[in-house]
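*Asks:* Please find one structure pasted underneath; my questions will follow.
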Amino acid sequence: MPSGSEKATVPTLPAAALDGSAVKVEDLSITYRTTVQKKPTLKKTLIRLGRGQRIVREIRAVRDVSFEVPHGKVLGVIGVNGAGKSTLLRSIAGILPPTKGRIEVHGRVSTLLSLGVGFKRDLSGAENVILGGLAAGLSRSELEAKYEEIVDFAELEDFMDMPMRTYSSGMYGRLAFSVAVNMDPDILLIDEALSVGDPRFKQKSFEKMRELCAQARTIVLVSHGLKSIRELCDEVIWLHKGRIEMRAEPEAVIDAYKHFLDIAEGDDEPAEEDV
Amino acid sequence: MAEVRTATAVERDGRPRADEFTGERHVYEPHPIGLPPLGPYFRALWQRRQFAFALARTNLRSQHFNTVLGQLWLLLNPVLLALVYFTLVEIIRSGSRSIEFLAHLMLCLFAFRLVSRSVSQGTRSVVGGGRLILNTAFPRTVLPLTAVMTSFMTFLPTLLVYAVVHGIAGLPVDANLLWGIPIILMMLVFGAGAAMMTATAQVYFRDLANFLPYATRIWLYTSPILFYTDEVPEGLKPILQLNPLWPMLGSLSDVVNAGQAPSPGYLAWSLAWALGTLIAGGLFFISREREFAVRL
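Here is the structure:
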């Protein structure tokens with residue numbers, strides 16, 4: 022059983038090294054097989070079996086990635102589309118299983134991933150906050166205690182009883198962000214969510230994240246917005262085709278990444294704005 | 003190592019954090035035998051009970067969002083259906099059926115729907131829960147189990163309607179009625195197992211949900227709902243008895259409609275089906291659930 026072996030390995034590691042890290046990723050590889058057909062159906066499968074075909078594509082989304090994030094630090098993850106950034110984040114959140122390697126996470130994780138928090142459009146904002154929080158493993162009483170804070174932060178007092186289909190995308194994003202950061206997370210995983218709301222709200226979300234860091238909370242941030250990455254992160258990983266291409270101070274990685282983009286895209290100046 | 007972590011956590015907040023004692027240390031590794039460690043899994047599942055309940059209530063409400071009668075349809079649907087079938091049987095049997103039979107038909111039909119709706123909603127629960135699955139880590143068994151809860155919540159009010167018919171028909175009210183509780187419980191357990199099975203299968207074969215209404219219809223006709231268990235030809239009985247719902251509905255009709263003690267054979271057979279299906283469905287689901295996020 023994994024739980025047995027894991028207890029056995031812990032004492033052999035230096036306690037100080039482990040104590041400092043909130044997220045520890047060792048030799049992580051994530052491979053998934055996907056059939057070419059988007060929705061697998063019995064008919065298509067039978068036809069394929071009849072023809073003796075086996076159309077399976079193996080996607081190696083993350084390859085041999087290792088890193089650690091100490092408590093209270095912000096790690097940025099950059100890379101072109103399809104580099105494996107979101108897959109990496111989902112695996113840290115426990116949503117995608119590792120194919121190889123090991124992920125160790127210390128503390129309560131709150132996620133803000135690219136597809137929204139799974140809000141249901143017909144439910145009101147209030148109902149969605151409760152449902153999302155319960156799904157994340159909080160109790161109803163914990164949520165009630167945080168509810169005011171979430172609504173205040175999102176600045177949506179007047180809209181909480183309206184169905185979310187009536188929300189603008191900015192309001193939607195603000196609520197999602199507010200839920201994620203106000204869940205009292207030890208570790209916050211954010212995927213491409215910094216462009217929510219207007220510049221003022223963006224500024225506010227920056228400040229909130231800094232505040233979380235000051236409380237020794239840890240953040241892993243995936244973004245194409247190099248400006249946010251530069252401003253917020255203590256360290257940056259550049260993923261390319263599932264591998265770590267570079268891991269260093271934000272300036273150095275961003276410079277190298279921009280240089281890479283320059284070569285890849287000709288003389289177009291890469292935008293440094295948030296996408 | 004755990005001690006060191008606790009110390010830092012206490013320093014940080016000035017109070018001990020409950021998290022430290024409820025296992026907020028997660029390790030994700032490949033599962034060599036396909037199953038996660040079951041202890042932590044069931045703990046996490048138990049932790050999501052409020053979520054399951056809230057989701058079940060939401061599902062219930064959303065089913066009839068835009069209709070005038072709204073929630074009333076949860077009651078109207080099964081009652082109208084029962085009347086339709088009663089009319090059908092009356093015509094076929096040229097009006098020889100009594101109100102006792104209506105009581106039997108209603109009870110068994112409502113109980114049948116408890117299972118069939120668990121399965122049909124359970125089947126769609128994983129594929130339909132796409133965004134939630136892609137964005138939040140939680141034991142996925144919550145989803146089919148929620149479908150069973152939703153189905154049970156729809157079932158409860160129909161019991162009131164049945165009680166009225168039971169009273170009008172002048173059927174016995176005695177201690178044997180209490181057997182109905184464990185029988186319904188077994189049907190719930192069976193429904194949960196079946197829902198987990200079909201929910202997993204649906205991820206791989208999306209056609210399943212299209213086949214399901216037809217399968218359910220056949221299932222309805224081969225269950226002792228539109229007839230009593232002793233009314234079928236002897237030659238067909240061995241085949242019909244293979245239906246897991248046969249002993250369950252048979253016993254239910256015996257104890258509630260006829261006021262008899264249940265047949266021990268039927269009870270044992272029901273229990274075996276219920277537990278067997280739950281274990282098989284549960285293992286199938288849990289061993290596959292980590293793949294769902296990739297397959298959706």
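So the sequences go chain by chain: A and B.
Going from the first sequence to this note's numbering is simple: count from 1 and add 21.
Going from the second sequence to this note's numbering is simple: count from 1 and add 2.
Using N, Cα and C, we set each Cβ at its ideal position, and we do this for glycine too.
What you are looking at is a predicted structure, and each value in this text was computed from that prediction instead of being measured.
Could you give the DSSP three-state label for Arg72(A): helix, strand or coil?
*Replies:* Correct three-state label for Arg72(A): helix.
*Asks:* Okay, do the segment 120–127 of chain B and the segment 146–158 of chain B touch, 3+ Cβ pairs below 8 Å being the bar?
*Replies:* Yes, the segment 120–127 of chain B is in contact with the segment 146–158 of chain B.
*Asks:* With H, G and I counted as helix, E and B as strand and the rest as coil, what does DSSP make of Asp255(A)?
*Replies:* Three-state result, Asp255(A): coil.
*Asks:* From what residue to what residue does the alpha helix (DSSP H) around Thr148(B) run?
*Replies:* It spans Val144 to Ile170 - the alpha helix (DSSP H) in which Thr148(B) sits, taken as one unbroken run.
*Asks:* Mark Thr1(B) as exposed unless 16 or more other C-beta atoms lie within 10 angstroms of its C-beta, in which case mark it buried.
*Replies:* The shown model of chain B, from 3 to 298, leaves out residue 1(B), and the question about it has no answer.
*Asks:* Write down every uninterrupted run of the beta strand (DSSP E) in the segment 166–219 of chain A whose length is 3 residues or greater and which is fully enclosed by it, in chain order.
*Replies:* Entirely contained in the segment 166–219 of chain A, the beta strand (DSSP E) runs reaching 3 residues are, in chain order, 208–212.
*Asks:* Quick check on this structure: which residue in Ala54(B), Val296(B) and Tyr223(B) has the alpha carbon closest to the alpha carbon of Gly158(A)?
*Replies:* For the residues Ala54(B), Val296(B) and Tyr223(B), the minimum Cα distance to Gly158(A) belongs to Ala54(B).
*Asks:* Let me know if Gly291(B) comes out buried or exposed under the rule of 16 or more other beta-carbons within 10 Å of its beta-carbon.
*Replies:* Before going further, note that residue 291(B) is Glu rather than Gly in the sequence given. Counting Cβ neighbours within 10 Å, Glu291(B) comes out buried, since at least 16 surround it.
*Asks:* Give the straight-line distance between the Cα atoms of Thr279(B) and Ala113(B), rounded to the nearest whole angstrom.
*Replies:* Each residue's alpha carbon lies about 18 Å from the other.
*Asks:* Go ahead and label Gln236(A) buried or exposed: buried means 16 or more other beta carbons lie within 10 angstroms of its beta carbon, across all protein chains shown.
*Replies:* Gln236(A) is exposed by the Cβ-count criterion.
*Asks:* Listed from N- to C-terminal order along the chain, which residues in the segment 100–123 of chain A have their beta-carbon within a distance smaller than 9 Å of any beta-carbon of chain B?
*Replies:* Here the close residues are Arg111, Ser112, Ile113, Ala114, Gly115, Ile116, Leu117, Pro118, Pro119, Thr120, Lys121, Gly122 and Arg123.
*Asks:* Take the Cβ of Phe44(B) as the centre, count every other Cβ of all protein chains shown within 10 Å, and call the residue buried at 16 or more, exposed below.
*Replies:* Burial call: exposed.
*Asks:* Just to confirm the assignment, what range does the alpha helix (DSSP H) spanning Ser131(A) have?
*Replies:* Note, Ser131(A): premise wrong, no alpha helix (DSSP H); beta strand (DSSP E) at Val130 to Leu133.
*Asks:* Go through its chain and collect everything with a Cβ distance to Lys229(A)'s Cβ below 8 Å, but skip five positions before and after it.
*Replies:* Contacts found: Phe174 and Val202.
*Asks:* Need the endpoints of the beta strand (DSSP E) that Glu125(A) sits in, please.
*Replies:* First-last of the beta strand (DSSP E) with Glu125(A): Lys121 to His127.
*Asks:* Assess, as a yes-or-no matter, whether the segment 257–273 of chain B is touched by the segment 178–195 of chain B under the definition of 3 or more beta carbon pairs within less than 8 Å.
*Replies:* Enough Cβ pairs lie closer than 8 Å, so yes.
*Asks:* Which runs of the beta strand (DSSP E) at least 3 residues long sit entirely within the segment 25–54 of chain B? Give them in chain order.
*Replies:* If we require 3 residues or more, the beta strand (DSSP E) runs fully inside the segment 25–54 of chain B come out as 27–30.
*Asks:* Only counting the same chain, and skipping five residues up and downstream in sequence, which positions put a Cβ closer than 6 Å to that of Val117(B)?
*Replies:* Closer than 6 Å at Cβ, skipping near neighbours: Met189 and Gly193.
*Asks:* Nearest chain B C-beta to Tyr53(A) closer than 8 Å, yes or no?
*Replies:* Answer yes: the Cβ-Cβ gap between Tyr53(A) and chain B drops below 8 Å somewhere.
*Asks:* Which two residues bound the contiguous alpha helix (DSSP H) that contains Arg238(A)?
*Replies:* Per DSSP, Arg238(A) belongs to no alpha helix (DSSP H) and is neither H nor E.
*Asks:* Quick one: which chain B residues come within Cβ less than 9 Å of His127(A)?
*Replies:* Within chain B, the residues near His127(A) are Arg7, Glu26, Arg27 and His28.
*Asks:* Could one say the Cβ of Arg292(B) lies closer than 8 Å to chain A's Cβ atoms, at least one of them?
*Replies:* It does; some Cβ of chain A falls within 8 Å.
*Asks:* Just checking, does the segment 154–165 of chain B make contact with the segment 71–78 of chain B on the three C-beta pairs under 8 Å criterion?
*Replies:* Yes, since at least three Cβ pairs between the segment 154–165 of chain B and the segment 71–78 of chain B fall closer than 8 Å, the two stretches touch.
*Asks:* CA-CA distance, Asp176(B) and Met108(B)?
*Replies:* Rounded to the nearest angstrom, the two C-alpha atoms are 19 Å apart.
*Asks:* Any beta carbon of chain A sitting closer than 8 Å to that of Gln65(B)?
*Replies:* Gln65(B) does not count as touching chain A.
*Asks:* Shorter than 8 Å from the beta carbon of Lys64(A) to some beta carbon of chain B?
*Replies:* Judged by the 8 Å Cβ criterion, Lys64(A) is in contact with chain B.
*Asks:* Where does Ala104(A) land, buried or exposed, given buried means 16+ other C-beta within 10 angstroms?
*Replies:* When all chains shown are included, Ala104(A) counts as buried.
*Asks:* Are the beta-carbon atoms of Ala282(B) and Met199(B) separated by less than 8 Å?
*Replies:* Result yes, Cβ atoms of Ala282(B) and Met199(B) sit closer than 8 Å.
*Asks:* Counting contacts by CB-CB distance shorter than 8 Å, is Ile258(A) in contact with chain B?
*Replies:* Not one chain B Cβ lies under 8 Å of Ile258(A).
*Asks:* Under the three-state reduction of DSSP, which class applies to His261(A): helix, strand or coil?
*Replies:* Strand.
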